[in-house]
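The sequence shown begins at 764 in the working numbering and counts up by one.
The structure appears below as structure tokens.
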Amino acid sequence: MKETAKDQKLKLSTKLGFGVGDIYGGGAMLIIGIYYLHYLTDVMLISPALAGVAFFVSKIWDAVTDPMMGYISDRTRTRFGRRRPYFLFGIVLIFISFFLMWYPVDFDLEKHRFIYILIAYIFFSTVITMVMIPYNALAAELTLDYNERTSLTTYRIIFSGISSLICAVLPFEIVKFFPDNERSGYIVMAVAFGLFFAIPFIATFLTTREREEFQKEPTPFNFRRSYVEPFFAPTFLNVLLMYLFSFVAIDAVMSIVIYFMKYYMMRLGETDYVLGTILVLQVLVIPIYSWVSKKTSKKTSFIISALIWLVVMGFSYFITPELPKEAIYVFGGLVGLGTGGIVIMIYSIFTDVPDVDELYTGERREGIYSGLFMFARKMSSAVGIFLISQIIDRTGYIKPVEGIVDGKEVLIEQAQTPEFIMVLKLIFALIPVLFLALSAYNAFRYKLTPSLHARIKEHLNKRREGDEMSGEMQEEELELKRLLERR
764 MKETAKDQKL KLSTKLGFGV GDIYGGGAML IIGIYYLHYL TDVMLISPAL AGVAFFVSKI
824 WDAVTDPMMG YISDRTRTRF GRRRPYFLFG IVLIFISFFL MWYPVDFDLE KHRFIYILIA
884 YIFFSTVITM VMIPYNALAA ELTLDYNERT SLTTYRIIFS GISSLICAVL PFEIVKFFPD
944 NERSGYIVMA VAFGLFFAIP FIATFLTTRE REEFQKEPTP FNFRRSYVEP FFAPTFLNVL
1004 LMYLFSFVAI DAVMSIVIYF MKYYMMRLGE TDYVLGTILV LQVLVIPIYS WVSKKTSKKT
1064 SFIISALIWL VVMGFSYFIT PELPKEAIYV FGGLVGLGTG GIVIMIYSIF TDVPDVDELY
1124 TGERREGIYS GLFMFARKMS SAVGIFLISQ IIDRTGYIKP VEGIVDGKEV LIEQAQTPEF
1184 IMVLKLIFAL IPVLFLALSA YNAFRYKLTP SLHARIKEHL NKRREGDEMS GEMQEEELEL
1244 KRLLERR
């Protein structure tokens, strides 16, 4: 049965309920990206090299669990659907896993603290995999319409952006309420944000519904077909590289910004306000990029965003500590202007990938692609933070030392070397420029236009309705594949 325009429209409650789910995905990853490396080195007193190892090992674990969860999600059959049951299972686990990551154990030996952090981080990674891979897969199922998917993604990214804003500003403010016991501040922060991330999934579960026609009996497992062939599909590979490179740029900035503000700009107290400025502008420009997408294409909107941010980060090398704070906030606003389109468009583009896959395979494998996509996201974050942590460790970073001041045990900051400060500037400016250029290049090569997607959707509707593959339909399918694969 062919969908009408009315059928393709989603209820506001569905968009809102789906959107609040990314409070967890956007917020938790941002807190980790901004604060966790600093927390490990300056609070847990773990060396940057070991901290980087913790990030990297957890992603080796993700290399197994992310694709596996995608496979499991595609083959789950319950009265609630393939994806939604995991939202219920995850609520309590989200809270526990986030809390354990930030619980500052007081082991004397660094290796014991490292082992605890590694176990806690792997547990957190497992939980976010269990919840967010079905969540990402659900987006492609709620509507099949090209522009309605952008609208759905807009709601998602607005909630994600609001969550990111809160997560950029409030954690450090909560910790500052405990000047005499920073560790207690992190415990309170972990409890508050664990609840903040877990509770919205009640609404996501209650307001979304899955498509019955996508829940037919799954085909037997084939490793090559599930986990190897997608990387040879031009559309998916383009989207994956756009995503990977752009988020390496984002993670590089987020993981180094506290060090940059603390040791180069000498304005640690303003860090959360600069981040807040970035995220406010990022949320405000989302409707603009959504409008550009509808008037042109998702690809065009993404490229505009990437190029704006590339230029802004190129100029960041010339920022000096003497600049007035107003200038720093203007810079933050321009960064938000650049990142806004990247964040919304990459997730909107992803929802179209399973349609292309169905054209080639005849199956709906949102879970497989969500697993590969999620793994790429977490791997890009881990590799970026791992490399940055190793660079920091090898360029003379001096971590705080424990001391007694006025009868209280405190962490005493140490002066950093000029070589370390120069490396900070280079990481902050040049790494984003390089990876944004690579992301934009892959976006230029992306072939799925709005008109081509409409043709694919019409062809798939005919196949789902059981129409015989006439000569005309066979010719159309070959032409669609040719257009997707052309150089």
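By construction, the Cβ of each residue, glycine as well, lies at the ideal position given by its N, Cα and C atoms.
Just so you know, these numbers come straight off a predicted model, no measurement behind them.
How many Å lie between residue i and residue j at the Cα?
i     : j     : result
M1108 : P963  : 23 Å
V783  : S923  : 8 Å
R972  : G844  : 8 Å
E1240 : E1228 : 16 Å
P983  : Y802  : 45 Å
T917  : Y879  : 38 Å
Y1123 : Y1209 : 17 Å
K939  : G1130 : 41 Å
E1235 : S1111 : 31 Å
S1220 : I1051 : One detail in the question is off: residue 1220 reads as Lys in this sequence, not Ser. Taking the straight line joining both Cα atoms gives about 26 Å.
G1095 : V868  : 35 Å
T777  : S1053 : 19 Å
V1016 : H1222 : 43 Å
I857  : F886  : 10 Å
K774  : A1217 : 22 Å
A1298 : Q1237 : Residue numbering for the chain in the displayed model covers 764 to 1250; residue 1298 lies beyond these limits and cannot be assessed.
Y1204 : S1009 : 11 Å
G815  : V855  : 28 Å
G1077 : R1226 : 49 Å
Y1132 : A883  : 26 Å
E1242 : L1215 : 10 Å
T1102 : Y1160 : 29 Å
N944  : T1158 : 30 Å
V1106 : D837  : 25 Å
I1312 : I786  : Past the edges of the chain, shown from 764 to 1250, lies residue 1312, and the structure says nothing about it.
Y1026 : L958  : 33 Å
P830  : I937  : 36 Å
T970  : L1193 : 43 Å
Report the three-state DSSP secondary structure of residue i (helix, strand or coil).
i     : result
K769  : Residue placement at K769 is flagged as unreliable, the pLDDT there being 44, under the threshold of 50; the coordinate-derived value follows with that caveat. Here K769 sits in helix by DSSP.
I1175 : strand
D908  : coil
K1220 : helix
M764  : Residue confidence is low: M764 scores 44 on pLDDT, short of 50, so the model does not pin down where it sits. Its coordinate-derived value is still stated next. Correct three-state label for M764: coil.
G780  : helix
Y1251 : Any question about residue 1251 goes unanswered here, given that the chain covers just 764 to 1250.
G1234 : helix
E1182 : helix
G844  : coil
P811  : helix
K1188 : helix
P1087 : coil
V806  : coil
T828  : helix
K822  : helix
K1225 : helix
K774  : coil
I896  : helix
I920  : helix
I1082 : coil
T839  : coil
E1240 : helix
What is the C-beta distance between residue i and residue j, in whole angstroms, given that I count them as a contact (C-beta under 8 Å)?
i     : j     : result
A900  : L915  : 13 Å between Cβ atoms; not a contact.
Y949  : V806  : 7 Å
L933  : A1139 : 29 Å between Cβ atoms; not a contact.
I1151 : P1163 : Contact flag wrong, Cβ pair sits at about 19 Å.
A966  : G780  : 5 Å
P897  : Y849  : 4 Å
Y1092 : T1040 : 5 Å
F870  : I809  : The pair is not a contact, with the Cβ atoms about 11 Å apart (cut-off 8 Å).
F935  : F861  : At roughly 16 Å, the Cβ-Cβ gap does not stay under 8 Å, so F935 and F861 are not in contact.
T839  : M1137 : Rounded, the Cβ-Cβ distance is 16 Å, inconsistent with contact.
R847  : F968  : 5 Å
C930  : G790  : 4 Å
Y909  : P1213 : 5 Å
Y866  : A961  : About 16 Å; that fails the 8 Å criterion.
T889  : T828  : 6 Å
Report the start-end ranges of each alpha helix (DSSP H) in the stretch 1095-1171 that is 4 residues or longer and not cut off at the edges.
1116-1124, 1129-1157
Alpha helix (DSSP H) segments (min. 4 residues) lying fully within the stretch 846-876:
848-864
Tell me the start and end of each unbroken alpha helix (DSSP H) in the stretch 933-997 that is at least 4 residues and wholly inside, in chain order.
945-961, 964-970
What alpha helix (DSSP H) runs, 4 residues minimum, are completely inside the stretch 1005-1072?
1034-1047, 1049-1058
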